[in-house]
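Accompanying notes for the structure given below.
2 protein chains.
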Amino acid sequence: MAEVVKVYGPAYASCPRRVLACFIEKGIEFEIVHVDLLKGEQRNPEFLKLQPFGVAPVTQQGDYTLYESRAIIRYYSEKYKSQGTDLLGKTLEEKGLVEQWLEVEAQNYNAPAYDLVLNLLFYPKLGIPVNSDLVKESEEKLGKVLDVYEERLSKSKYLAGDFFSLADLSHLPFNHYLVNAIGKAYLIEDRKHVKAWWDDISSRPAWKKVLEL
Amino acid sequence: MAEVVKVYGPAYASCPRRVLACFIEKGIEFEIVHVDLLKGEQRNPEFLKLQPFGVAPVTQQGDYTLYESRAIIRYYSEKYKSQGTDLLGKTLEEKGLVEQWLEVEAQNYNAPAYDLVLNLLFYPKLGIPVNSDLVKESEEKLGKVLDVYEERLSKSKYLAGDFFSLADLSHLPFNHYLVNAIGKAYLIEDRKHVKAWWDDISSRPAWKKVLEL
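First to last, the protein sequences are chains V and P.
Residues in the first sequence are numbered consecutively from 1, following full-length UniProt numbering.
Residues in the second sequence are numbered consecutively from 1, following full-length UniProt numbering.
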């Protein structure tokens, strides 16, 4: 039997959630090892041995350690490709498009979404002043990215084609914050096809389980 | 015989160079379709049909179009895995580490390296004022990232292990600018193992050919 995968990180943080959503979709057994980011445990020497940049998540299965959430979801989706939801695409060409949209998420969507969530959700909690110029600029950037998604999703049900994949899954954590935590639901809801896509992917049982962890 | 792959983009730009280095390593036949970024050709309707975000590169082989340089290099390295240099790793575990370090490049290294090159190489050419605070901050960030590389490269010859891979290749374009165009060679050369790694990967015949294109 395969060894349980340890996931280091707080279950409420975006990048660990990307990994947890993948593991639940795939039916991979895991165990969360909590890392308290507010106490700075990600800077502890023991943690830095696992992840030298001091960020979560890290996974460990036996003596195989891996970090960077998008690397982890690729590796485990491939390792367990015959079980649970197929998240990679079936043909080489489908896989290429999954990679393309996963990179679009990482390179175009992630930065403005991250800056919005940081400024509007976490800075107020930490008493750090909000950078209003950056908020405005990030919202404009993200809007333009979502305009491209709207066009794409008018032609295919999911980003990489007519199948749910890592490319869609990777958007769940920050989309969730946009809609449910920082009052930016209109960025999603004002775009008909983006809204239909979000309604679909956010109602998947695996994602609902992640939110309960 | 496989169809020639069209690569849209200027051969001097960083992201197209990532693709070209991969294609030459793999012995994949390609043809460059020049896109003049300074004339804004990436905003032409014809180009936006291929790449809706208006950035280079895009590849086309037959009717299969793909964008995002790191997605392209993954797809073509897999498609042509039996020819040229193996860039993906042999086992699932090696592939996982290639993914991890490719993500480290994209998430940790790329942003500060990009900001340095933009401010110190391209802004002066375009008459845009340099953001000195950002330059200072980016150099500090990049230095910390390269400290982790130094530690890693003291234990293995390349980032993902003892084999050259996409993870190393992906650093070639910006490392080249740091060393040869913006006076930041010391960021590489002051770190013994990073320097040895750079000397090794930058002297590969495929990379030298990219610089001649």
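In this text, a Cβ means the ideal position worked out from N, Cα and C, and glycines have one as well.
For V/Tyr123, the three-state secondary structure derived from DSSP is helix.
Burial state of P/Ile72 is buried, judged by a 10 Å Cβ sphere holding 16 or more other Cβ atoms.
According to the DSSP assignment, V/Phe47 belongs to the alpha helix (DSSP H) that extends over Pro45 to Leu50. Contact of P/Asn108 with chain V by beta-carbon distance below 8 Å involves Phe53. With a 10 Å radius around the Cβ and a threshold of 16 neighbouring Cβ atoms, P/Lys79 comes out buried. Rounded to whole angstroms, the separation of the alpha carbons of P/Phe174 and V/Lys144 is 27 Å. The same chain holds no residue with a CB closer than 6 Å to that of P/Ala196 once the five nearest residues on each side in sequence are set aside. The segment 92-104 of chain P and the segment 39-48 of chain P do not touch, with fewer than three beta-carbon pairs separated by less than 8 Å. When only Cα atoms are considered, V/Asp86 and V/Leu172 end up about 17 Å apart.
Counting every other CB atom within 10 Å of its CB across the protein chains shown gives P/Ser82 a total below 16, marking it as exposed. Taking all protein chains shown into account, V/Arg43 has fewer than 16 neighbouring C-beta atoms within 10 Å of its C-beta and is therefore exposed. P/Lys125 and P/Ile32 have their C-alpha atoms roughly 25 Å apart. Per DSSP, reduced to three states, the secondary structure at P/Glu29 is coil, with no helix or strand assignment. Within chain V, no C-beta atom comes less than 7 Å from the C-beta of P/Leu116; the nearest is roughly 17 Å away. Rounded to whole angstroms, the Cβ separation of V/Leu88 and V/Ser77 is 5 Å, and the two are in contact under 8 Å. The criterion of a C-beta distance shorter than 8 Å is satisfied by P/Ala21 and P/Leu169. Take V/Val130, set aside five residues on each side of it, and the residues of its chain with a beta-carbon closer than 8 Å to its own are Asn119, Leu120, Tyr123 and Pro124, in chain order. Within the UniProt domain "GST C-terminal" (91-213) of chain P, the residues whose Cβ lies closer than 9 Å to any Cβ of chain V are, in chain order, Leu92, Glu93, Lys95, Gly96, Leu97, Val98, Glu99, Gln100, Trp101, Leu102, Glu103, Val104, Ala106, Gln107, Asn108, Asn110, Ala111, Lys144, Val145, Asp147, Val148, Glu151 and Arg152.
Closest by C-alpha distance to V/Leu166, out of V/Glu3, V/Pro10, V/Arg17 and V/Gly9, is V/Arg17.
Assigned with DSSP and collapsed to three states, V/Gln60 falls in strand.
DSSP places P/Tyr114 inside the alpha helix (DSSP H), whose first and last residues are Asn110 to Val117. Against chain P, the beta carbon of V/Arg70 has neighbours under 7 Å at Glu103, listed in chain order. In the structure shown, P/Tyr76 falls within a helical segment according to DSSP collapsed to helix, strand and coil. For the C-beta of P/Leu66, the chain V residues within less than 7 Å are, from N- to C-terminus, Gly96 and Gln100.
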